[in-house]
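Input: a single structure, listed below in structure tokens.
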Amino acid sequence: MQEAGATADLELAFTLADGLEYIRTGLKTGLDIDAFAPRLSFFWATGMNYFMEIAKLRAARMLWAKIVGQFNPKNPKSLMLRSHCQTSGWSLTEQDPFNNITRTCLEALAATLGHTQSLHTNALDEAIALPSPFSARIARNTQLYLQEETDITKCIDPWAGSSYVEYLTGELAAKAWKIISDIEAAGGMVKAIEQGVPKLQIEEAATRKQARIDSGKEIIVGVNGYTTTSKTDIELLEVDNTLVLEQQLRRLASIKAERNSEETSLALRAIEDAAASGEGNLLELAVDAARKRATLGEISSACEKTFGRYRAITRLNTSVYMSQMQDNILFKEAQQLADTFAKLEGRQPRIMVSKVGQDGHDRGAKVIAAGFADIGFDVDISPLFQTPEEVVQQALDNDVHLIGISSLAAGHKTLIPKIIEELKAKHREDILVIAGGIIPERDHAFLYEKGVAGIFGPGTVIAEAAANILKQLIARFDQ
Amino acid sequence: MSSSETHSRLKPYHDPDVDTVVNGIMNGDRHMLSRAITLIESLKPEHERKAHEILDRCITKKTSSLRIGITGAPGAGKSTFIEALGELIINQGLTLAVLAIDPSSRQSKGSILGDKARMEKLAARKEAFIRPTASSGYLGGTSPKTHEAIVLCEAAGYDVILVETVGVGQSEVLVDTMVDYILLLMLPGSGDELQGIKRGIMEIADAVAITKTDGDQSGIAAISRAEFEAALRMLPVKHPVWKREVFLTSALTGKGIKEVWENISEFFTAMRKENILETRRREQLNSLLYTVLEEMLKKEFFSHPDVIASKEIIERQVLSTEISPFSGARKLIEAFIPRR
Chain C
1 MQEAGATADL
11 ELAFTLADGL
21 EYIRTGLKTG
31 LDIDAFAPRL
41 SFFWATGMNY
51 FMEIAKLRAA
61 RMLWAKIVGQ
71 FNPKNPKSLM
81 LRSHCQTSGW
91 SLTEQDPFNN
101 ITRTCLEALA
111 ATLGHTQSLH
121 TNALDEAIAL
131 PSPFSARIAR
141 NTQLYLQEET
151 DITKCIDPWA
161 GSSYVEYLTG
171 ELAAKAWKII
181 SDIEAAGGMV
191 KAIEQGVPKL
201 QIEEAATRKQ
211 ARIDSGKEII
221 VGVNGYTTTS
231 KTDIELLEVD
241 NTLVLEQQLR
251 RLASIKAERN
261 SEETSLALRA
271 IEDAAASGEG
281 NLLELAVDAA
291 RKRATLGEIS
301 SACEKTFGRY
311 RAITRLNTSV
321 YMSQMQDNIL
331 FKEAQQLADT
341 FAKLEGRQPR
351 IMVSKVGQDG
361 HDRGAKVIAA
371 GFADIGFDVD
381 ISPLFQTPEE
391 VVQQALDNDV
401 HLIGISSLAA
411 GHKTLIPKII
421 EELKAKHRED
431 ILVIAGGIIP
441 ERDHAFLYEK
451 GVAGIFGPGT
461 VIAEAAANIL
471 KQLIARFDQ
Chain X
1001 MSSSETHSRL
1011 KPYHDPDVDT
1021 VVNGIMNGDR
1031 HMLSRAITLI
1041 ESLKPEHERK
1051 AHEILDRCIT
1061 KKTSSLRIGI
1071 TGAPGAGKST
1081 FIEALGELII
1091 NQGLTLAVLA
1101 IDPSSRQSKG
1111 SILGDKARME
1121 KLAARKEAFI
1131 RPTASSGYLG
1141 GTSPKTHEAI
1151 VLCEAAGYDV
1161 ILVETVGVGQ
1171 SEVLVDTMVD
1181 YILLLMLPGS
1191 GDELQGIKRG
1201 IMEIADAVAI
1211 TKTDGDQSGI
1221 AAISRAEFEA
1231 ALRMLPVKHP
1241 VWKREVFLTS
1251 ALTGKGIKEV
1261 WENISEFFTA
1271 MRKENILETR
1281 RREQLNSLLY
1291 TVLEEMLKKE
1301 FFSHPDVIAS
1311 KEIIERQVLS
1321 TEISPFSGAR
1331 KLIEAFIPRR
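Dropping the structure here:
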């Protein structure tokens, strides 16, 4: 949740409220609290706010014991909060990437001093590409030297008694408890998720954070402060998307050819029936189907027939970006350019923000969408997991001036050129394509060559990107 | 990348001529339909002229389309409902155009048009054309431009046109001047909203669908249904041949969607039988004529050089109570049309 933009109090409250729903669901099926509560575990993100992260884990343990305590467990282990922490990928930067080793180390230290049971440290090239063997080794070793060389794991709760950490812990616990109580009063976390409340609050926090960085109120070293012009060349993992897709399709085909298809469809049918009747253990049946070589897609489709598929409600926090950026020169310039363009073109500039391929990371896309709308764009949002053909069809239907592709899963080298080709085929080269997200520097030339009009990586100021692209759009009227 | 590099590569804006657009639309080319809707939405005079040329040629095409308005408060589940109804319509072998109007921010002039994401499945169907439009200044969203877009969609051969609008009070009533059938979507338990502003919308509704009546909402939904039925009985009849009904629906389970579609079909059969549909559409054209005329007059008036010249002086006179607002307005009119 923090990766999506949640502040510590939101992350704490929503995670524990989720846990509470799991407990209720378990009890409803007739399980004893002690039969499953000790096995629950929590996944936290650990960011750069060092003391806050330590306080978060301490507050979480306190609140969780309070929550589970309501259900009168006999086994003290039921009250225990087991944690896994992952250092923040969002906090890592494309610029000056070796700084990321230090960032990850500090985050890992916070997670450790907050007493996480399990830890994931991110690779230094997280903001650029998928990890290479080199960067993955350094990430793993960051954990190892904290564990082997520093002795910090020898003490229990080393920050207990520090007036500042205790103060933060208390504050955070109180704030989170208020949010949890509000959620409970409104009918619980499931209801809140259905209504899109947590998502909206998290996205609002994300947009606010972005605006604070864009306006220079928060400094990220190497990004909006202390920047350097020297380029760091690091070896990156190259993923050939076309090849991966082919391999996966081949594997699927061979599994489907080799399995006993009668057995598989019986197992899938059993899932469908259980989903429809509400009788039986779905997890057990899913495991059985997987043993009979049913694919993940087939298993989830069997469930989908009864349950439908969850779809996030698309609501965006417009005006949050504006409220933080109002007096910013870049923001004002972008707004004026949008006005100029609207006068020349007869309508507001219109952008479609899309995600292509199997990549569901939409924090960046949402923040950009909200920011662009605040600058004066009409912003279309297309569904997740689109093919290049679908993106182009929607862009034509909505008649946009530009398409913004957000890519965080290494699909840019195949999918983005395909979109441009498809636009050409429809004689709409006038629709510009810009790309954002995680795109390694070394791919920039290739993408520009293919016709991309702008590449805006992590650390781009939204208003600046908007101004850049508006200038290109306006320049066309001079021709 | 230097900027000169970029500019030399920029392709000029796609600008097909009127013949290409009209022929495209008539042959069901949705790309040309989309371009024409853009021309309609544009505030540029040359776009407007071109749009009207296209419209004049498209409006002559006779079609038997169904124009349906779907309205409701934000959060009532309009997109989800339209997606479920839309899929059902397409599965009947019909084609569907959805014109969705989303609010523009007054401050930033921008907007978020999330309709495609909200109607993901429908957006993937080639039988469906979904066009979100920013309301840009038109309160409540619908404007004469929506009516023009409907005409274009019909010329492109779409059988059913759904117009989705946000129900915000009085301006909403405008949608009644451009569609045949209006479905009002309400959430379970929203019966108390019946007082006040919702009355205007209730009066123009041809049916009410209570949405999201699945799960633990069914109890409240039944009560809401009774409340809405009672409220509809209190309102004056909209069409003498038509009795308005309240449906319990759920886009999640599909409950009530088929019934709503049957209700729509019955409505059109009844209206056609009595020839009301034709009469109403003629009335709508007539009312549109005057709405557009008013807009054009306003525009002509405020861009008239003599009006611009005398506006400031007259404004000052009014503000200093030298003359009344009434004679001020009269003076401005006289600047526009000199008294003979």
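From first to last, the protein sequence lines stand for chains C and X. Using the working numbering, the letters of the first sequence correspond one by one to residues 1 to 479. Using the working numbering, the letters of the second sequence correspond one by one to residues 1001 to 1340. For every residue, glycine included, the Cβ atom is placed at its ideal position computed from N, Cα and C. This structure is a prediction, so every number in the text was calculated from the model and none was measured.
Run through DSSP, which three-state label would residue i get?
i: Q324(C); result: helix
i: W177(C); result: helix
i: L1162(X); result: strand
i: Q472(C); result: helix
i: R428(C); result: coil
i: R293(C); result: coil
i: V287(C); result: helix
i: I1084(X); result: The residue asked about is misnamed: residue 1084(X) is Ala in this sequence, not Ile. The answer is helix: DSSP assigns A1084(X) an H, G or I state.
i: I1197(X); result: In this prediction, I1197(X) has a pLDDT of 47, which is less than 50 and means its spatial position is unreliable; nothing more can be read from the coordinates.
i: E1127(X); result: coil
i: C1058(X); result: helix
i: T460(C); result: coil
i: T242(C); result: helix
i: E1005(X); result: At E1005(X) the pLDDT is 44, less than 50, meaning the model places this residue with poor confidence; the figure from the coordinates comes in the next sentence. Helix, per DSSP.
i: H1031(X); result: helix
i: L1099(X); result: strand
i: D378(C); result: strand
i: H84(C); result: strand
i: S254(C); result: helix
i: P1132(X); result: strand
Quick one: does residue i have its CB under 8 Å from some CB of chain C?
i: H1038(X); result: It should be noted that the sequence gives Thr, not His, for residue 1038(X). With 8 Å as the cut-off, T1038(X) counts as an interface residue toward chain C.
i: G1140(X); result: Its pLDDT being 46, under 50, G1140(X) is placed unreliably in this model, and the value from its coordinates should be taken loosely. By this cut-off, G1140(X) is not an interface position.
i: R1131(X); result: yes
i: E1087(X); result: no
i: K1078(X); result: no
i: S1324(X); result: no
i: G1219(X); result: no
i: K1255(X); result: no
i: S1143(X); result: no
i: S1135(X); result: no
i: R1030(X); result: yes
i: G1072(X); result: no
i: S1108(X); result: yes
Step through the CB atoms of chain X and report whether any lies within less than 8 Å of the CB of residue i.
i: A435(C); result: no
i: R347(C); result: yes
i: V190(C); result: no
i: H412(C); result: no
i: R251(C); result: no
i: G308(C); result: yes
i: D327(C); result: no
i: K426(C); result: yes
Of all the options the options, which has the alpha carbon lying nearest to the alpha carbon of residue i?
i: S88(C); options: D96(C), L16(C), A123(C); result: A123(C)
i: N468(C); options: V433(C), H427(C), M48(C); result: V433(C)
i: Q1217(X); options: R1125(X), I1101(X), L1043(X), M1186(X); result: M1186(X)
i: M1271(X); options: I1101(X), W1242(X), H1031(X), S1250(X); result: W1242(X)
i: K1011(X); options: K28(C), H401(C), I219(C); result: H401(C)
i: T340(C); options: D378(C), L266(C), H427(C), L470(C); result: L470(C)
i: E194(C); options: N1023(X), D1180(X), G1077(X), T1321(X); result: G1077(X)
i: A1123(X); options: R1106(X), E1048(X), A1097(X), G1024(X); result: A1097(X)
i: I438(C); options: G364(C), L384(C), E464(C), E263(C); result: G364(C)
i: V1160(X); options: Y1181(X), S1065(X), A1205(X); result: S1065(X)
Tell me, please, whether the CB atom of residue i is closer than 8 Å to any CB atom in chain A?
i: E1127(X); result: Considering every chain present, this structure includes no chain A. Its protein chains are C and X.
Could you tell me if the beta carbon of residue i falls within a distance shorter than 7 Å of some heavy atom in the ligand PLP?
i: L130(C); result: Inclusion of the ligand PLP in the displayed structure is not the case, the ligand content being empty and no account of it being possible.
For this session: For the region 389-404 of chain C, enumerate the residues whose C-beta is nearer than 7 Å to any C-beta of chain X, in chain order.
Result: Of all residues in the region 389-404 of chain C, E390, Q394, L396, D397, N398, D399 have a Cβ within less than 7 Å of some Cβ in chain X.
Exercise. When you check each C-beta in the region 1011-1023 of chain X against every C-beta of chain C, which residues fall closer than 7 Å?
Worked result: Under the 7 Å Cβ criterion, the region 1011-1023 of chain X contributes K1011, P1012, Y1013, H1014.
Problem set entry | 3-residue-minimum beta strand (DSSP E) runs that sit fully inside the region 96-131 of chain C, ordered along the chain | Fully enclosed beta strand (DSSP E) runs of 3 or longer: 118-120.
Problem set entry | Residues of the region 1034-1058 of chain X with Cβ closer than 9 Å to any Cβ of chain C, in chain order | Those would be S1034, R1035, I1037, T1038, L1039, E1041, S1042, L1043, K1044, P1045, E1046, H1047, E1048, in chain order.
For this session: Can you give me, in chain order, the residues of the region 370-383 of chain C that have a beta carbon less than 9 Å from any beta carbon in chain X?
Result: Using a CB distance below 9 Å, the part of the region 370-383 of chain C facing chain X consists of A370, F372, A373, D374, I375, G376, F377, D378, V379, D380, I381, S382, P383, ordered along the chain.
For this session: Output the residue ranges of the beta strand (DSSP E) runs that lie fully inside the region 5-46 of chain C and measure 3 residues or longer, sorted by chain position.
Result: For the region 5-46 of chain C, the continuous beta strand (DSSP E) assignments of 3+ residues that do not extend past its boundaries occur at 41-46, in sequence order.
Exercise. Which ranges does the beta strand (DSSP E) cover as unbroken runs of at least 3 residues, wholly within the region 1238-1322 of chain X, from first to last along the chain?
Worked result: Note on the region 1238-1322 of chain X: whole beta strand (DSSP E) runs with a minimum of 3 residues are 1245-1248, in chain order.
Exercise. If contact means a Cβ-Cβ distance below 7 Å, which residues of the region 1111-1122 of chain X contact chain C?
Worked result: For the region 1111-1122 of chain X, the residues whose beta carbon sits under 7 Å from a beta carbon of chain C are, in order, S1111, I1112, L1113, G1114, K1116, A1117, R1118, E1120.
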